[in-house]
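*Asks:*
Residue numbers (the working numbering): 2 to 725.
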């Protein structure tokens with residue numbers, strides 16, 4: 002399933018480099034982006050470290066580039082848009098870049114200074130021009146005194162026997178050729194200018210054939226760079242590779258906590274469960290379709306540079322565009338199930354209820370005594386009419402997809418939908434939590450803790466399924482067994498579930514025969530799973546500890562991934578009991594024996610067990626927010642329709658058209674700001690809560706550290722004005 006299911010494998014390595022190849026090696030590592038460096042000289046001052054000169058040089062180049070970008074922006078010169086990630090330049094090119102950038106900075110500062118001087122001169126000349134224009138009427142020009150100009154003598158008349166000319170012409174000319182490093186050309190020119198007092202002409206040309214530097218991992222030296230892998234007990238950082246689609250879902254998980262090293266990553270399953278649980282609370286075909294179109298617009302224009310550089314709120318929507326896309330798509334699906342489109346139902350397949358079958362004229366006289374039918378008097382004088390599904394021909398079958406549209410006209414619509422959504426929320430919640438417990442088994446198998454499967458995961462599953470799994474069974478059983486004809490004698494699931502724990506003296510009808518014996522068996526299994534959950538793991542670890550004189554040797558095939566854990570310490574023995582192998586793994590090193598604290602292990606397991614047992618009850622009730630938010634969204638949408646659109650539709654046709662246009666505009670604005678943004682944000686936060694608390698706490702620790710590689714791609718190519 003790739004690294005999205007579990008983080009990448011890490012190792013602690015030691016890299017030995019020659020001083021001459023440090024730049025090339027780090028450039029290659031920065032291009033790969035697979036290495037995170039550790040600072041082993043934290044107490045050393047930054048100015049006392051090696052290569053501090055090179056770092057200062059890079060900072061100086063960054064300062065110059067920031068200054069150049071600032072001046073380019075002031076001149077309104079367009080820059081290429083978008084993020085660019087060019088390859089790391091070689092060291093020779095860096096020196097050339099430094100020389101060119103320094104020259105550009107000097108020239109640009111000189112040009113800027115001259116520009117300011119020219120502006121000042123222009124202002125002075127404008128002032129003088131204005132002054133002359135004002136004083137023109139007061140001063141008269143005297144034409145009698147015209148100035149005379151004397152021309153310079155021509156060049157041919159200049160004597161060639163002039164001393165200065167003869168001194169220069171009489172100098173002896175010569176040339177010297179040689180080879181010099183490219184990075185030392187500028188210093189060489191300055192030295193020649195000083196020695197020769199300016200009377201020198203220097204020209205140089207690069208060699209066409211590139212030469213190999215004998216000092217660099219590129220000339221094929223006899224002593225190459227090498228790397229060693231260091232065994233360590235420290236927890237490695239967590240690296241989970243993402244792309245532009247999975248990045249948003251991974252950020253939701255990382256906001257709760259970065260996953261521990263190599264544990265199951267919930268983001269893979271959040272891709273489906275998060276938008277689905279959101280859609281259960283936001284189920285409306287119209288609202289979901291509007292959200293889907295907005296997200297689709299962001300996805301299709303994701304390469305537009307203005308979206309990345311937009312304001313914070315818009316950038317937040319842009320970063321979560323794929324989350325919005327799936328949330329809108331799933332909301333369209335649940336809206337079809339609820340048959341809600343802006344609080345109105347859509348009749349796509351025809352209703353399964355027939356009103357005409359309730360009239361007495363449609364039935365024989367013998368059937369009138371058994372059934373309550375309608376006649377003309379009842380229809381005219383009754384404000385509320387009730388359809389009886391037990392009457393033949395009234396209920397012709399279920400609606401093919403979702404809720405029948407006739408429920409939108411029923412007075413007991415809210416009662417029916419509340420019962421349906423409440424049971425649906427309980428079913429979805431129990432399935433979601435059970436899946437989280439099952440994912441914990443994959444963690445135990447990966448970390449080779451099989452005893453946790455038998456002593457923790459299996460009792461948790463039995464406790465969950467024997468109580469709340471049985472509740473799902475009763476809900477589904479009642480849906481399948483009892484029909485419209487027998488609905489009046491169907492027992493209450495809530496009463497039956499309560500009687501499961503209270504053991505009433507009087508016998509109840511029950512859902513099925515032998516129900517009492519099945520429920521007692523489930524309670525016995527639940528009661529037996531609780532002490533195993535509380536005491537099984539601590540007693541097993543104590544047994545492992547007592548069977549060894551020193552448990553400071555790594556077990557065969559076991560990898561220590563969490564530091565200072567009593568459970569890990571108890572598992573470090575000289576033999577592998579689970580596999581039945583008495584031979585130690587090659588290369589395992591003895592460690593210092595640590596004190597085994599049984600009381601701490603027992604207390605930790607008791608707290609975890611109490612939290613789980615009570616959490617099964619509270620978390621199941623917490624999933625009822627799916628029903629509550631769905632009810633609130635549907636009722637708020639209905640109120641908005643009733644107060645605006647229905648008022649506009651009931652106005653007289655003469656003025657209704659003029660009133661309907663502003664009413665529809667106001668309805669659209671309120672729908673976007675209240676139902677889409679506010680209600681969408683509410684459902685989004687509740688969906689996050691269900692994943693963080695009710696789902697992830699069953700298997701996800703989230704106590705790791707994020708892998709931050711040395712990568713050039715993570716460096717921003719944008720410069721702020723304050724850098725210069």
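Yeah, the Cβ is synthetic: ideal placement off N, Cα and C, and Gly gets one too.
(1) Using only the alpha-carbon positions, how far apart do residue 687 and residue 430 sit?
(2) Looking at the strands, I want to know which residues DSSP matches up with residue 231.
(3) Candidates 427, 485, 486: which alpha carbon is nearest residue 471's?
(4) Extract the residue ranges of the alpha helix (DSSP H) inside the region 334-375, only unbroken runs of 4 or more that lie entirely within it.
(5) Mind listing, in chain order, the continuous alpha helix (DSSP H) runs of no fewer than 4 residues lying wholly within the region 453-518?
(6) Roughly how many angstroms lie between the CA atoms of residue 511 and residue 492, to the nearest whole one?
(7) Among 443, 352, 288, 306, which has the Cα closest to the Cα of residue 333?
(8) The alpha helix (DSSP H) with residue 684 in it runs from where to where?
(9) Restricting to Cα atoms, I'd like to know which of 107, 630, 665, 55 is closest to residue 644.
(10) So what's residue 448 in DSSP terms, helix, strand or just coil?
(11) Given that a residue counts as buried once 16 or more other Cβ atoms are within 10 Å of its Cβ, and exposed if not, what is residue 263?
(12) Quick check: the region 674-685 against the region 279-286, are there 3 or more CB pairs under 8 Å?
(13) Alpha carbon to alpha carbon, how far is residue 452 from residue 462?
(14) So which of 74, 373, 92, 80 has the shortest CA-CA distance to residue 21?
(15) What are the start and end residues of the alpha helix (DSSP H) that includes residue 606?
(16) Under the assumption that residue 279 contacts residue 328 (Cβ atoms under 8 Å), give the Cβ distance between them as a whole number of angstroms.
(17) Applying the 10 Å Cβ sphere with the 16-neighbour rule, what's the burial state of residue 624?
(18) Would you kindly work out how many angstroms separate the C-alpha atoms of residue 88 and residue 261, rounded to a whole number?
(19) Between residue 71 and residue 711, is the Cβ-Cβ spacing less than 8 Å?
(20) Tell me, which residues are paired with residue 239 by DSSP?
(21) Among 709, 393, 651, 412, which one has its Cα closest to the Cα of residue 386?
(22) Might you give, ordered along the chain, the residues of its own chain that have their beta carbon closer than 7 Å to the beta carbon of residue 399, omitting 5 neighbours on each side?
(23) With 16 as the cutoff for other CB atoms within 10 Å, does residue 362 come out buried or exposed?
(24) Quick one: give me the first and last residue of the alpha helix (DSSP H) that residue 26 is part of.
(25) Have a look at residue 519 and residue 606 and give me their C-alpha separation to the nearest angstrom.
(26) Return the CA-CA distance between residue 348 and residue 445, expressed in angstroms with no decimal places.
(27) Does DSSP put residue 322 in a helix, a strand or coil?
(28) Pick from 111, 187, 255: whose alpha carbon is nearest that of residue 8?
(29) Please classify residue 714: is it buried, with 16 or more other beta-carbons within 10 angstroms of its beta-carbon, or exposed?
(30) On the DSSP letters alone, give me the boundaries of the alpha helix (DSSP H) that residue 638 sits inside.
(31) Reducing DSSP to helix, strand and coil, say where residue 526 ends up.
(32) If I measure Cβ to Cβ from residue 233 and keep anything under 8 Å in the same chain, skipping five residues before and after, which residues do I get?
(33) Evaluate residue 369 with the Cβ neighbour count: other Cβ atoms within 10 Å of its Cβ, from every protein chain shown; 16 or more gives buried, anything less gives exposed.
(34) Exposed or buried, residue 160, counting other C-beta atoms within 10 Å across all chains shown (16 or more means buried)?
(35) Over what stretch of residues does the alpha helix (DSSP H) that includes residue 282 continue unbroken?
(36) Span of the alpha helix (DSSP H) holding residue 693?
*Replies:* This is what the structure gives:
(1) Indexing the chain shown from 1 puts residue 687 at position 686. Indexing the chain shown from 1 puts residue 430 at position 429. Rounded to whole angstroms, residue 687 and residue 430 show a C-alpha spacing of 13 Å.
(2) As a position in the chain shown, residue 231 is number 230, starting the count at 1. DSSP output for residue 231 lists 13 as bridge partner(s).
(3) Taking the chain shown and counting its residues from 1, the one referred to as residue 471 is at position 470. Put simply, of 427, 485, 486 the residue whose alpha carbon is nearest the alpha carbon of residue 471 is 427.
(4) You should have 366-369.
(5) The alpha helix (DSSP H) runs of length 4 or more contained entirely in the region 453-518 are, from start to end of the chain, 459-465, 471-482, 494-503.
(6) As a first step, residue 511 is located in the chain shown; it is residue number 510 there, counting from the start. As a first step, residue 492 is located in the chain shown; it is residue number 491 there, counting from the start. One C-alpha to the other measures close to 7 Å.
(7) Here residue 333 refers to the residue found at position 332 when the chain shown is read from its first residue. Across the set 443, 352, 288, 306, the C-alpha of 288 shows the shortest separation from the C-alpha of residue 333.
(8) As a position in the chain shown, residue 684 is number 683, starting the count at 1. 680-690 is the extent of the alpha helix (DSSP H) around residue 684.
(9) The residue labelled residue 644 in the question sits at position 643 within the chain shown. Comparing Cα-Cα distances from residue 644 to each of 107, 630, 665, 55, the minimum goes to 665.
(10) Within the chain shown, the letter at position 447 stands for residue 448. Residue 448 sits in coil when the DSSP states are folded into three classes, being neither helix nor strand.
(11) For the purposes of this step, residue 263 is taken as the residue at position 262 of the chain shown. Under this definition residue 263 is a buried residue.
(12) Because the criterion of three Cβ pairs below 8 Å is met, the region 674-685 and the region 279-286 touch.
(13) Translated into the one-based positions of the chain shown, residue 452 becomes position 451. Translated into the one-based positions of the chain shown, residue 462 becomes position 461. Between residue 452 and residue 462, the C-alpha separation is close to 15 Å.
(14) In the chain shown, the residue the question calls residue 21 occupies position 20. Of the candidates 74, 373, 92, 80, the one whose C-alpha sits nearest the C-alpha of residue 21 is 92.
(15) Within the chain shown, numbered from 1, the residue matching residue 606 stands at position 605. Segment 599-623, the alpha helix (DSSP H) holding residue 606.
(16) Position 278 of the chain shown, counting from 1, holds the residue named residue 279. Position 327 of the chain shown, counting from 1, holds the residue named residue 328. The beta-carbon separation of residue 279 and residue 328, rounded to 5 Å, stays under the 8 Å limit for a contact.
(17) Against the chain shown, residue 624 aligns to sequence position 623. Classified as buried, residue 624 has 16 or more neighbouring CB atoms from the shown chains inside 10 Å of its CB.
(18) Here residue 88 is taken as the residue at index 87 of the chain shown, counted from 1. Here residue 261 is taken as the residue at index 260 of the chain shown, counted from 1. The alpha-carbon atoms of residue 88 and residue 261 are separated by roughly 33 Å.
(19) Taking the first residue of the chain shown as position 1, residue 71 is located at position 70. Taking the first residue of the chain shown as position 1, residue 711 is located at position 710. When the beta-carbon positions are compared, residue 71 and residue 711 stay at least 8 Å from each other.
(20) To locate residue 239, count along the chain shown from 1; it is residue 238. Beta bridge pairing from DSSP links residue 239 with 707.
(21) The sequence position of residue 386 within the chain shown is 385, counting from 1. The option with the nearest alpha carbon to residue 386 is 412.
(22) On the chain shown, residue 399 is found 398 positions in, with the first residue counted as 1. For residue 399, where only same-chain residues beyond five positions count, the Cβ hits under 7 Å are 353.
(23) Here residue 362 corresponds to residue number 361 of the chain shown, with the count starting at 1. With fewer than 16 other beta carbons inside 10 angstroms of its own, residue 362 counts as exposed.
(24) For the purposes of this step, residue 26 is identified with residue 25 of the chain shown, where counting begins at 1. First-last of the alpha helix (DSSP H) with residue 26: 23-33.
(25) For this step, residue 519 is matched to residue 518 along the chain shown. For this step, residue 606 is matched to residue 605 along the chain shown. Their backbone Cα atoms lie some 30 Å apart in a straight line.
(26) Along the chain shown, one-based indexing puts residue 348 at 347. Along the chain shown, one-based indexing puts residue 445 at 444. Cα to Cα, the separation comes out at about 51 Å.
(27) What you label residue 322 is simply residue 321 of the chain shown in a count that begins at 1. The answer is helix: DSSP assigns residue 322 an H, G or I state.
(28) Counted from its first residue, the chain shown places residue 8 at position 7. By alpha-carbon distance to residue 8, the top candidate from 111, 187, 255 is 255.
(29) Looking up residue 714 in the chain shown gives position 713. Exposed, because fewer than 16 other Cβ atoms sit within 10 Å of the Cβ of residue 714.
(30) To locate residue 638, count along the chain shown from 1; it is residue 637. From DSSP, the alpha helix (DSSP H) with residue 638 extends over 626-641.
(31) Here the question's residue 526 lines up with position 525 in the chain shown. Residue state, collapsed to three classes: helix.
(32) Numbered from its first residue, the chain shown carries residue 233 at position 232. Scanning its chain for C-beta atoms nearer than 8 Å, with the 5 sequence neighbours on each side dropped, one finds around residue 233 the residues 13, in chain order.
(33) Within the chain shown, the letter at position 368 stands for residue 369. Its Cβ having fewer than 16 others within 10 Å, residue 369 is exposed.
(34) As a first step, residue 160 is located in the chain shown; it is residue number 159 there, counting from the start. Bear in mind that the predicted position of residue 160 carries a pLDDT of just 48, short of 50, making it unreliable; the figure below should be weighed with that in mind. So residue 160 counts as exposed.
(35) Looking up residue 282 in the chain shown gives position 281. 268-282 is the extent of the alpha helix (DSSP H) around residue 282.
(36) Along the chain shown, read from residue 1 onward, the residue named residue 693 stands at position 692. Per DSSP, residue 693 belongs to no alpha helix (DSSP H) and is neither H nor E.
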